[in-house]
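Here is the structure we will look at, set down as structure tokens.
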Ligand SMILES: [Zn+2]
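Numbering (the UniProt record's numbering), first residue to last: 1 to 439.
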């Protein structure tokens, strides 16, 4: 073990005065988060930092990815790194909530993860729908009927009386807070129905659908690191993985396909290197997790694009949010018409006030293809938003792996307000006052 290199991941700031430096980092298969003009933050180990130095860059080490753990951990359960839930626990939690609250919640299976499809472990993926009970009732009656009545909706079919808000979380496994926030949103609605006026109003007027974990195999890898969660971002499809990146390491390089670069709409503009953090996969929609989400969009929403092309009309319903970390961004689709983009920009500013809002080019500073919002907006005309929760700083709440206490103290109040606004906008998401003049 002598001379063993430090393989722990760190955040580094790298000056990128021109596209040349951005390309060097992208070619190395590393994801970037903006850190002010001409600078990006990356999360890699010392060995990768050295390869970037060899190519003329100057990464400045800022902080370790792993935060100091709180002195006491909870009693042994299905959590890791101070309280984060495993994929199995998140899937079980959705089923448990539906079992306890059949009057307002239903779970549907939506497909298998890559490992499960091959019959070698993995998970059956699920989505939970929450909506109010079918009959008129007082709040007290609603609270009591949660355990007995029937939900007014939640059928896995595109025709629904109430507008729908779909949240997908943790498609990138290492973005730890995202799955926890989906969990808390589920609990807030299920517990609050009949007692909390906002939760009650949301469920009486809206169907809220939540995929608690979109990349369960990847989360298993991340959680297997325990108090040093592994930097797995992608799914675990290793069929194209060369020996050089057969195991995910502190660089974040490793096996798998980036599910948020694998969707069919606009697929093909990202990395073809199977080791890259943003490997797009061998072909459009190649991964079972991608198929599950794509099919879920089509099961829940009608195509609202006009047949002759042009703008999605103001009467379109439904809203889709894909939750990521980090950077405090509200990212709108890159494939919207200028009128729709202006409307979605206004919608995003309402949902995440204080975050930087724009297309991925305008926010994270580089183009992305084959993403959830490319698919949901491009194929069906849905109002779609990618939220990147969490600051890019060295505080306990910064980065991919915030201290668990940050979920409650910092992120939940922010995201509860954001999800509430989204749910309340689901009936007419495009009816916004444009924030830029239309030509
Ligand atoms: Zn992400």
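No residue lacks a Cβ here, since even glycine has one placed at the ideal position from N, Cα and C.
Bear in mind the structure is a predicted one, so any value in this text is a computation, not a measurement.
Helix, strand or coil at residue i according to DSSP, with G and I counted as helix
i           : result
residue 426 : coil
residue 48  : helix
residue 304 : coil
residue 352 : coil
residue 64  : strand
residue 357 : strand
residue 267 : coil
residue 225 : coil
residue 123 : coil
residue 75  : Per-residue confidence for residue 75 stands at a pLDDT of 47, beneath the threshold of 50, marking its modelled position as unreliable; the derived number appears in the next sentence. Coil, per DSSP.
residue 112 : strand
residue 212 : coil
residue 243 : helix
residue 217 : helix
residue 143 : helix
residue 97  : helix
residue 277 : coil
residue 248 : coil
residue 442 : Lying outside 1 to 439, the shown extent of the chain, residue 442 is not represented and no answer is given.
Residue i versus residue j - alpha carbon distance
i           : j           : result
residue 201 : residue 237 : 42 Å
residue 420 : residue 58  : 43 Å
residue 438 : residue 308 : Confidence in residue 438 is poor, its pLDDT being 37 and thus under 50, which makes the residue's placement unreliable; the coordinate value appears in the next sentence. Going by the C-alpha atoms only, they are around 21 Å apart.
residue 69  : residue 227 : 8 Å
residue 271 : residue 112 : 25 Å
residue 289 : residue 297 : 13 Å
residue 243 : residue 372 : 30 Å
residue 137 : residue 149 : 11 Å
residue 199 : residue 188 : 7 Å
residue 75  : residue 304 : Confidence at residue 75 is low in this model, with a pLDDT of 47, below 50, so the placement of that residue is unreliable and no value is reported for it.
residue 425 : residue 170 : 23 Å
residue 352 : residue 418 : 6 Å
residue 140 : residue 384 : 35 Å
residue 490 : residue 412 : A query on residue 490 cannot be resolved here, the shown segment of the chain reaching from 1 to 439 and no further.
residue 291 : residue 127 : 14 Å
residue 400 : residue 280 : 21 Å
residue 98  : residue 87  : 17 Å
Closest residue to residue i among the options (Cα-Cα distance)
i           : options               : result
residue 392 : 217, 39 and 326       : 326
residue 415 : 359, 39, 348 and 366  : 348
residue 300 : 48, 154 and 34        : 154
residue 162 : 142, 140, 176 and 134 : 134
residue 342 : 428, 271 and 432      : 432
residue 273 : 267, 263, 254 and 127 : 254
residue 10  : 324, 150 and 61       : 61
residue 101 : 208, 264, 233 and 190 : 190
residue 130 : 384, 387 and 206      : 206
residue 49  : 383, 89, 88 and 8     : 8
residue 182 : 229, 209, 197 and 23  : 209
residue 177 : 403, 15 and 252       : 403
residue 276 : 29, 313 and 15        : 29
residue 159 : 314, 337, 350 and 318 : 318
residue 145 : 124, 179 and 105      : 105
residue 81  : 224, 361, 339 and 429 : 224
residue 410 : 88, 118 and 180       : 180
residue 239 : 118, 350 and 78       : 118
residue 256 : 376, 286 and 56       : 286
CB contact flag (residue i, residue j, <9 Å)
i           : j           : result
residue 248 : residue 213 : no
residue 166 : residue 320 : yes
residue 186 : residue 93  : yes
residue 407 : residue 83  : yes
residue 378 : residue 266 : yes
residue 333 : residue 344 : yes
residue 194 : residue 151 : no
residue 330 : residue 263 : no
residue 258 : residue 283 : no
residue 13  : residue 46  : no
residue 231 : residue 40  : no
residue 114 : residue 295 : no
residue 229 : residue 123 : no
residue 441 : residue 107 : Since the first residue of the chain shown is 1 and the last is 439, residue 441 is not available in this structure.
residue 374 : residue 337 : no
residue 293 : residue 168 : yes
residue 261 : residue 241 : no
residue 125 : residue 91  : yes
residue 363 : residue 34  : yes
CB contact below 9 Å: residue i versus chain B
i           : result
residue 250 : No chain B is present in this structure, which holds just one protein chain.
Closer than 8 Å: residue i CB and nearest ligand 3 heavy atom
i           : result
residue 260 : Although ligand 3 was asked about, the structure shown includes only ligand 1 as ligands.
Any beta strand (DSSP E) of 3 or more consecutive residues that is wholly inside the region 364-436: 383-388
Residue ranges of each alpha helix (DSSP H) within the region 155-210, 4 or longer: 177-192 and 197-205
Counting only runs of 3+ residues fully inside the region 281-346, write out the beta strand (DSSP E) ranges in chain order. 319-324 and 329-331
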